[in-house]
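A quick write-up on the structure given underneath.
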Amino acid sequence: MKKKWAFVLLSVMLVVLSACGSNGNNKTTNEGATNGGNQGEKQAKITLFQSKVEIAESLENLVKKYKDETGNEVEVWGSAGDSYITQLQTKLAANEGPTIFSVQPGAEAEKFASYYHDMSNESYAKYISPNMALEHDGKVVGVPIGVEGFGLVYNKALYDPATVKDTAGLVSALEKFKADGVNGLSLSQEAYFLIGHIINTPFALQEDPIAFVEQVNKGEVKLSEVPAFQEFAKVLEAIRANSINPMEVTYDTQMGDLATGKTAIVHQGNWSYGMLADYDEMEVGMAPLPILGNDKLAVDIPAGWVINNKASEEQITAANAFLEWLYTSETGKNTIVNDFGFIPAVTTIEPTGLDPLSQQVFDATQAGNTIPWALNYFPQGIIVNDLAPLTSEFFLNASMTPEQYLEKLSEVWVKAAK
Amino acid sequence: MSKSKNGVVSTLIVILSLLFLSPIYIMLVNSFKTRSELYENVLALPGSFSFEYYSGAMQKMNFLTVFGNSLYVTIATVIFVIVLASMTAWMLVRRDNVMSKIIFFSFVATMLIPFQTLMMPLMQVMDWIRTYLHLPMLNTHEGLIFMNIGFHAGIAVFLYHGFIKSIPIALEEAAVLDGCSTFGVFWRIVFPLLTSITVTVAILDVIASWNDYLLPSLVLSDKGLRTIQLSTFYFFGEFTIVWNQAMAGLTLTIIPVVIFYAFAQKYIIKGIAAGAVK
Amino acid sequence: MNKNSKLWYCIFTMPLYLIFLIVVVIPFLIGIYYSFINWDGIPSNPKVFVGFDNYATLFQDERFLTSAWNTIKFTVFALISVNLLGLIFALIVTSGFKSSNLARTLLFMPNLIGGLILGYIWRFIFTDGFKQIGATTGIDSIFFNWLIDPNYALFALVIVFTWQMAGYTMVIYIAGIQGISDEVMEAAKVDGANLWYRMTKIVFPLLMPSFTICLFLTLSGAFKIYDVNLSLTNGGPIHSTELFAMNIFNEIFGYGNYGLGQAKAIVFFVIVALVTLTQVVITKRREVQM
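Protein sequence lines correspond, in order, to chains A, B and C.
Quick note on the working numbering: the first sequence kicks off at 1 and runs consecutively.
Quick note on the working numbering: the second sequence kicks off at 419 and runs consecutively.
Quick note on the working numbering: the third sequence kicks off at 697 and runs consecutively.
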C-alpha cells in the first residue's frame, strides 16, 4: 500500500516538474511580450546568435551597455564555430530560432533565405556602404558586420613585396628563403587557411567569377587549362618544395612562427593581427598574391546579420532598434572598431586606431583596389569537405604533380557541386 | 604472497596507473602557462603557478550558475533513470513473454542509432508537443531531462536486465507467499539486492549526463540555462583554441565528476562485499 | 489475478517505455520517412519525394563505402584493445594488492572526461607533444604527428578510444569477477589447478555474461563514435578517419543532403543491428548460469 503511494508520488512529481517548467517558460515570454509599463519605450527581449567566438566576450559587454543606455535587453547565444550551422538550422526548424543571426554570403545565405526580414526600408539600411549589403531578390536582408581582407601577411624585416611582382618572382623568393634557412610561405592545416582563402585569387581574377564558378560546377571548363590556375598550382608546388609542410602547422604555430621570425610570410587575413599580441612587437604588412601579376588584396564581407522574420512583431521592432543603435551610438561604433576589431562597412563610422593590417585593408577598400571573395559562391561545404582533403593529399604525397592536382580539382569540384 | 612482494607490485601498479593518466597531467600543467610558454614547450612545468586562467575561466563560464544547472539536470536524470529502468527491467525479466522480448529488443537495438540521425526529427517532435500539448519541452531543463531519460533508458535497462537474472526468484516467491504486494516485492526485496549494479548505472549515467554537449546545445538556448559543457565553448574559437584557458575550463568541468566517482565507488565495494557474503 | 498482473506489468514498464517511444522511436521512424525524400533541412524549403533514389545513390558513393570500411576496421581494433585492456585492468585490480582501490580509481578516470574534450587533449598530445618527444629523444619513427598520416591516424583514434573506454569495461568485468564465489576459486586451487587453468577454464566461462555486456557496449560505442572523431581528427587526413557518424553528419549539415544522410543512417543501422544481434546470441549461448 505504501509503495502504491510512492508510485503515485513519482507520477505527480513528473507532472509537477513539467508544470514548473511551463510556469518558468511563461514568465519569460510574458516578460518579453510586455510593451507598455516600465520605461515607456521598453521593448521585447531579443536574442543574437553568431559564429565568431573571438568577439563573444566583447559582444556580451556591448549588450550590457545597451541595457544600461536604453533599458532594452539583448541576449547573446554562443556556439563553437563548427557547430554553429547545425545549431542554427535545428533551432530554426524547431521554431526556437534567434532574432538576429549571422550568415555567410553565397550558398549559406541562399539556404536560409526564407527566414530573412526585409530591411530595405529600415533606418539603418542607408548607412551600409555601397555594394556591401547582403541582398536577396533585390531586397536588402542583411547588414555587413564589417569587411575583411586577406593576402600575404609578411614580416617587413624579411620580405619586400615591391620586389615580387609575379608568380615567378614569388617562387624564386621562396627558394631563396629555403636556402637562407627561413620558412618562406606558411599555410596552416585548417581548411580555410590551407586552401579556402588562397584558392580565391585565381577565381577572383576571372572576368566574371560567379559565372566561372558555375562553369566549373558543371565541368564545362578544365582548371588545368586556365592560366591563373596553372600559376596557382605552381605556387602550391613551390610551397611544398620550400616550406614546412602545412599539415604539420596549426593556426597557433603558424602565427607564432611568424612572430618569432622563423617564418617570413603567411597567407592570412587582417584578423590574424590579434594573434601577434602575445609576442614582441614586429612590423607586418599585407601584400597581394601576385598570380598573373595581381596587385590587389582580396576584400569582402565575411558575414552579415539578418533578422528572423518568424520572430514576433515586437521582437523585430526591438531588433531594428538595436541595429540602429549599433551603427549610430558612440558606444556601438566604438565597440565595432575597437573591441571587435572589425573594419567597418557602414558610412557612419570613421575608423581610427585600426591595426596596421586592417588599415591596409581599409585603404584598399576606399581606393577600390580590391578583388572580391569568389569563395562565397563555392558550392556548399566544398572547402572543408573536398578542397582541404585534396590539398592535404597534395602536400603529403610528393609525387602528385601540379597538373594532376588541377585535374583532380576539376573532378572533385563537379562531384561536390551535385 | 610475501609482504614485500605485495608492496613492490602495489607500487608498480600505482606508477603504471599514473602513467596511464599522463594526458591528464598535460592538461593540468598547461592550464597554468601563458600562451607563449605553451608555444615553447608543451610538456614542461609552467614558469609560475598562477590561477589567473582558472579565475578567468570561471568568470567567462559563469561557473556557479552552470555548475548548478548541470547538477540539477544530472541528478534528476539519474534518479529517474535508475527508478524507471530497474522497474522496467525487473518486469521484463519476470514476465518473459513475447511482449517483453520485443520491448527489450527495441531498447537494445536503438542503442546503436547515432544521435545525429535523430536530432532534427526529435526537435520537431518536441516542437509539436510544445505547440499542441502545451508542455514546454524545449529551452527548459525539464525538457532536457525528459529527453535524457529517453536516451539513457536503453543502456540502463540493458545492464539491469543482465543482473536481475542472477537474483533467485525463490526469494520473491517467498515474499509473495508472505502477503507482499508487487511493489513490496520489488522495493523491499529486489531493489536492495541490485545495489552494486545501481551504483554502476548511476556512475555511467552521471558521466553521460554531465558530459553531454550536443543534446543540451540544441535544447537549451537561454544563457541562464546553460550546462557546464556548453559554457566551455568560449575557449574553442572557429580557428584557434586558447589552450591555457581551455585547459583550465576543462579541468573545472571534470573535477565534480571525479569527486563524485571517488565517493561513489566506495559503495560498489560495499555492495559487492555484501552480495558476496550472502 | 490475470487482469491484475497485466496492470502491474504496465505500471512497471510503461512510464519508461512511453518516454522512450517519444524521444527515440518516433524520431527514428520519422527519420526513416525522411530517407525517402530530397531535402536540405530547412522547413520552409521544399521536400521532394524521391522514393529509393537515396538508397541507390549511397551504394555508389565511394566516400561512404570507404567510411563504412574504416568504421569496421576501427571497430574491430577497438573491440579487441578495449576489452583486452579492460580485462587485464580488472584482473589486476581484483588480485588483492594493497593499491587496488587506488588503481581502480585512477584507471577509471579517463572515462570521466567527455568525448569532445578528450579529443582536443589528445590532439594536442599527438600534434605538439609527440613532436616534442620525438625531437628530444630522437625516436621519431614512433613519436611523430600521427594525425597527419593517413595510415596512423586511425590507430590514433583507436588509442584514444581505448584510453577512454578501458576503464568502463574494467568496471563491468570487476563486477563479474567479484560475482565468482571464492569457494569455486579455492576449490580449484586445492585441486591443484594453476593460474592459466583457473583463468581459462573457470574465470572466463563464468565471465561470459560480462563479456556479452562489454562486447555489446564497445561495439555500439565504437560504431557510434562522433565526439572524439570530430575533435581528434575531424575526419582527416584526407577522409581516412571519417567514420560513419561523421560521414552522415557531413552529408546532412555539410552538404545539405538530408534525405541521403538519413538513408545512409538506416542502412548502417540495419547492418550493425544484425552484427550485434549475432554477437549477443552467440555469447549468450555460452553463458554459464550459477
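Backbone N, C-alpha and C fix where the C-beta goes; we use that ideal spot for every residue, glycine too.
- Within chain B, the C-beta atoms nearer than 8 Å to that of A:T90 come from M537, M538, M541, L636, in chain order.
- Listed along chain A are A93, each with a C-beta nearer than 7 Å to that of C:P739.
- With the criterion set as a beta carbon lying under 7 Å from some beta carbon of chain C, the members of the segment 379-397 of chain A are Q380, G381, V384, N385, P389, S392, E393, L396, in sequence order.
- Taking a 10 Å sphere around the C-beta of A:D280, we find fewer than 16 other C-beta atoms and assign the residue as exposed.
- Shown in chain order are the members of the segment 923-940 of chain C whose Cβ falls below 7 Å from a Cβ of chain A: G932, P933, I934, H935.
- For the segment 106-127 of chain A, residues whose beta-carbon sits nearer than 8 Å to a beta-carbon of chain C comprise K111, F112, S114, Y115.
- At least one CB atom of chain C sits nearer than 8 Å to the CB of A:T86.
- Within the same chain, and ignoring the five residues on either side of A:V414 in sequence, the residues whose Cβ sits closer than 8 Å to its Cβ are V216, N217, K218, G219.
- Using a Cβ-Cβ cut-off of 8 Å, C:V721 is close to S524, T528 of chain B, given in chain order.
- Leaving aside the five residues that flank B:A475 on each side, the residues in its chain whose CB is nearer than 7 Å to its CB run, in chain order, Q663, A666, G667, L670.
- Note that the C-beta distance between B:A571 and C:L712 is below 8 Å.
- Per the Cβ contact rule, the segment 842-861 of chain C is in contact with the segment 765-785 of chain C (3 or more Cβ pairs under 8 Å).
- When secondary structure is reduced to three states using DSSP, C:P742 falls in the coil class, being assigned neither helix nor strand.
- For the alpha helix (DSSP H) assignment, the uninterrupted runs of no fewer than 4 residues enclosed by the segment 507-578 of chain B are, from N- to C-terminal side, 516-527, 537-550.
- CA-to-CA, the gap between B:T506 and A:F340 works out to about 54 Å.
- For B:S639, the C-beta contacts it makes with chain A under 8 Å involve T47, W77, K91, E96, P98, in order along the chain.
- The three-state secondary structure of A:K139, taken from DSSP, is strand.
- A direct Cα-Cα distance of roughly 21 Å separates C:G950 from A:Y116.
- Along the segment 237-248 of chain A, the positions whose C-beta sits under 7 Å from a C-beta of chain C are M247, E248, read in chain order.
- The residue from A:E57, A:V266, A:A321, A:L174 with its alpha-carbon nearest to that of A:G71 is A:A321.
- Look at A:T250: its C-beta is under 8 Å from a C-beta on chain C.
- The Cβ of A:S83 sits closer than 8 Å to at least one Cβ of chain B.
- The alpha carbon of C:S927 has as its nearest neighbour, out of C:Q828, C:Y848, C:A852, the alpha carbon of C:A852.
- Chain A has a Cβ within less than 8 Å of the Cβ of C:G952.
- The C-beta separation of C:F708 from B:M509 comes to about 4 Å, placing the pair in contact by the 8 Å criterion.
- Using a CB distance below 7 Å, the part of the segment 664-688 of chain B facing chain C consists of L668, I672, V675, V676, Y679, A680, Q683, ordered along the chain.
- Inter-residue distance for C:Y730 and B:Q542 is about 13 Å (C-alpha atoms, whole angstroms).
- Interface flag for B:T645 against chain C is unset, since no Cβ pair is found closer than 8 Å.
- Collapsing the DSSP output to three states places A:E57 in a helix.
- The three-state secondary structure of C:L780, taken from DSSP, is helix.
- The beta carbons of A:L323 and A:I265 sit no closer together than 8 Å.
- Residue C:R894 holds the alpha-carbon nearest to the alpha-carbon of C:E882 among C:G872, C:R894, C:A871.
- Considering only A:G97, A:A44, A:N397, A:F150, the residue with the shortest C-alpha distance to A:A287 is A:F150.
- B:G568 is not a Cβ neighbour of C:I909, given a cutoff of 8 Å.
- Only I621, L622, I625, W628, N629, D630, Y631 from the segment 620-631 of chain B bring a Cβ to less than 8 Å from some Cβ of chain C.
- Taken atom to atom, the span from the alpha-carbon of A:D118 to that of B:Q534 is near 33 Å.
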